[in-house]
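Student: Residue numbers (the UniProt record's numbering): 1 to 180. Glycine included, C-beta positions come from ideal geometry on N, C-alpha and C.
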């Protein structure tokens with residue numbers, strides 16, 4: 001795939017963000033998100049329909065961060081400010097993972113910013129995810145807000161978060177990449 005963007009982060013780490021295949025996401029998804037489960041646990045039935053992206057360091061053939069996008073409606077209304085019957089085109093991001101050795105360098109932030117642009121190319125005005133509660137502060141600092149009620153996947157607590165990507169160029173994304 002040829003869709004590429006090279007970006008330098010604040011800490012002078014140069015990354016190359018590009019489209020990748022599902023198989024290129026699995027190792028990192030597994031080791032970061034669900035290391036105690038079998039590898040098959042991190043493969044999604046809808047992966048063949050997704051748009052997958054990886055962040056690569058120079059001269060590295062494996063991504064240090066990955067994320068997957070899916071055209072998927074928001075499961076509940078976005079908020080009272082929406083007119084009745086209005087359902088924005090939404091993209092859900094899933095399986096966002098950054099290798100622990102590369103956290104805190106702005107790589108996850110740059111990858112998230114890149115996929116915001118991709119969401120608008122897909123015609124979406126809203127980007128959303130199921131976020132581990134332990135990561136909500138990180139997402140909030142980048143402009144996402146919680147909605148709905150918390151829930152569990154196994155023993156891990158989650159909440160839903162969303163962002164209006166039609167206004168994502170407003171500078172809300174911060175460069176202090178902490179934990180994904």
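#1: Nearest to residue 155 by alpha carbon, out of 167, 132 and 165?
#2: Would residue 67 and residue 126 be called neighbours here (beta carbons separated by less than 9 Å)?
#3: Beta-carbon within less than 8 Å of residue 41's beta-carbon, same chain only, minus the 5 sequence neighbours each way: which residues are those?
#4: Name the residue from 13, 123, 135 and 165 whose alpha carbon lies nearest to the alpha carbon of residue 159.
#5: By the three-class DSSP mapping on this structure, what secondary structure does residue 184 have?
#6: Should the segment 38-57 be regarded as contacting the segment 110-126, the criterion being three or more beta carbon pairs within less than 8 Å?
#7: Assign residue 214 to one of three DSSP states: helix, strand, or coil.
#8: From which residue to which residue does the alpha helix (DSSP H) around residue 140 run?
#9: What's the gap between the Cα of residue 23 and the Cα of residue 99?
#10: Pull up the distance between the alpha-carbon of residue 105 and that of residue 58, whole angstroms please.
#11: Name the DSSP beta bridge partners of residue 96, please?
#12: Is residue 13 helix, strand or coil when you go by DSSP?
#13: Could you tell me the alpha carbon to alpha carbon distance between residue 123 and residue 162, rounded to whole angstroms?
#14: Put residue 121 into one of helix, strand or coil per three-state DSSP.
#15: At a cut-off of 8 Å, is residue 116 close to the ligand NAD when judged by its beta-carbon and the heavy atoms of the ligand?
#16: Please look up how many angstroms separate the CB atoms of residue 119 and residue 91, rounded, as I've assumed it's under 8 Å.
Tutor: From the atom records:
#1: 132
#2: no
#3: Around residue 41: 30 and 34.
#4: Looking at the Cα atoms, 135 is the closest of the given residues.
#5: Missing from the structure shown is residue 184; the chain here goes from 1 to 180 and no further.
#6: yes
#7: Because the chain here runs from 1 to 180, residue 214 falls outside it and cannot be looked at.
#8: It spans 136-140 - the alpha helix (DSSP H) in which residue 140 sits, taken as one unbroken run.
#9: 16 Å
#10: 15 Å
#11: Bridge partners of residue 96: none, in fact.
#12: coil
#13: 16 Å
#14: helix
#15: No copy of the ligand NAD occurs in the structure displayed, which carries no ligand at all.
#16: Confirmed, about 4 Å.
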